[in-house]
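Residue numbers (the UniProt record's numbering): 1 to 320.
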Amino acid sequence: MSDKFLKSYMGSKGEFVRKDSAFRNWITADGSSGFKAERDRYHLYVSLACPWAHRTLIVRKLKGLEDVIPYTVVDWLMGEKGWNFTDKKPKCSADPLFGAQYIRELYFKANPEYEGRFTVPMVWDKKNNTIVTNESSEIIQMFNSEFNDFCATVEQKELDLYPEHLRARVDEVNEWIYHDINNGVYKSGFARSQEAYDKAVTQLFASLDRVEEILSKTRYLAGDQLTLADIRLFTTLVRFDPVYVGHFKCNKKRIMDYPNLWGYTRDVYQLPGVAETVDREHIEKHYQASHTSINPYAIVAIGPDLDFNLPHNRDKMTKA
């Protein structure tokens with residue numbers, strides 16, 4: 001990821017400014033949106049390194065949609081032209097739909113005049129040959145609720161990660177966790193001024209402290225029930241000590257230094273199927289080899305040693 005690329009994200013004070021997603025269509029169970037939930041109609045493009053894409057893989061797994069929504073993994077190395085396809089590296093794939101070399105080709109296929117970012121995750125509609133959405137927060141909502149007729153088991157169909165009675169709490173938590181933590185690590189890592197870095201990293205750790213306090217009282221962010229808020233936070237936490245502490249200069253504390261956050265991270269990791277979605281090789285190589293403006297020699301650090309399978313005992317917390 002070059003200086004030229006990063007400049008497109010920079011504000012006037014050297015701060016990192018994430019741009020909004022461009023494709024925001026919805027898949028619905030009844031098809032009223034123009035995109036009906038159907039088996040094998042949609043194809044998911046992801047990077048195993050990307051925390052935003054990781055969200056979609058976790059919800060897809062928890063809801064039992066593996067045989068309903070196929071997916072393709074891009075190369076962990078992001079070059080000058082963005083995400084590319086390869087079948088020469090472990091767990092990466094060639095593009096099965098069009099034989100494209102880069103994700104950007106699919107964006108231009110959907111809209112020849114497209115001028116936005118070429119991001120993953122992205123959901124492609126094979127019926128209409130277009131992009132449905134590239135907004136991860138909305139993809140996971142669709143996977144949670146709109147494909148229930150296709151879930152592998154009754155239990156997965158009944159699993160609701162965004163229940164009506166918790167939505168206000170989930171939305172409230174998501175709002176500040178997104179700005180301060182999910183995006184906060186990027187604002188710290190890509191800051192181009194001391195002022196921007198100091199502001200971002202201070203807010204990041206203030207919000208981690210806030211989450212630590214919440215998790216001292218409840219097993220999950222919204223109470224005793226796993227929700228989309230937990231999935232969204234987890235994909236940042238699982239990358240924090242391996243990458244963000246050193247690479248993004250988020251080194252005031254490690255997640256391991258927070259008893260509740262560290263136990264919570266292990267708790268979510270140990271949920272059935274979640275560990276299968278975590279690939280530390282892709283994560284560590286992508287950040288450290290792709291971000292040459294931060295790490296010009298693309299040297300990938302060797303550590304740290306982390307055991308996400310250690311007992312967490314959070315299932316024994318007293319229910320609120």
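Just so you know, even glycine gets a beta-carbon here, dropped at the ideal spot from N, CA and C.
Per DSSP, what kind of secondary structure is residue i in: helix, strand or coil?
i	result
proline 311	coil
asparagine 84	strand
valine 68	coil
valine 300	coil
valine 154	helix
residue 350	The structure shown has nothing for residue 350, since the chain only spans 1 to 320.
Would you grab the beta carbon distance between residue i and residue j for me? Rounded to a whole angstrom, and I think it's under 8 Å.
i	j	result
tryptophan 26	histidine 286	Not confirmed; about 29 Å, so no contact.
tryptophan 124	isoleucine 103	In fact, because the Cβ distance is near 10 Å, the residues do not count as touching under 8 Å.
methionine 122	tyrosine 71	Methionine 122 to tyrosine 71, Cβ: 10 Å. No contact.
threonine 119	asparagine 134	5 Å
threonine 236	proline 51	5 Å
alanine 152	aspartate 67	7 Å
glycine 189	tyrosine 244	7 Å
Taking the C-alpha atoms as reference points, what is the distance between residue i and residue j?
i	j	result
alanine 94	glutamate 172	39 Å
glutamate 175	histidine 43	28 Å
valine 201	tyrosine 264	22 Å
leucine 48	lysine 217	32 Å
lysine 109	isoleucine 69	21 Å
isoleucine 194	cysteine 250	Per the sequence shown, the amino acid found at residue 194 is glutamine instead of isoleucine. The alpha-carbon atoms of glutamine 194 and cysteine 250 are separated by roughly 14 Å.
glutamine 141	lysine 127	21 Å
leucine 221	isoleucine 131	32 Å
glutamine 270	serine 32	37 Å
valine 59	aspartate 198	34 Å
Give the range of the alpha helix (DSSP H) segment to which residue i is assigned.
i	result
tryptophan 52	51 to 62
tyrosine 107	103 to 110
isoleucine 140	136 to 145
Could you tell me the boundaries of the beta strand (DSSP E) in which residue i lies?
i	result
valine 46	42 to 46
valine 123	122 to 125
valine 132	130 to 133
For chain B, is any of its Cβ atoms less than 9 Å away from the one on residue i?
i	result
cysteine 50	In the displayed structure, chain B is absent; only one protein chain is listed.
- Query: What are the complete alpha helix (DSSP H) segments, minimum 4 residues, inside the UniProt domain "GST C-terminal" (163 to 287)?
  - Reply: For the UniProt domain "GST C-terminal" (163 to 287), whole alpha helix (DSSP H) runs of length 4 or above, ordered along the chain, are 167 to 177, 184 to 189, 194 to 215, 228 to 239 and 259 to 269.
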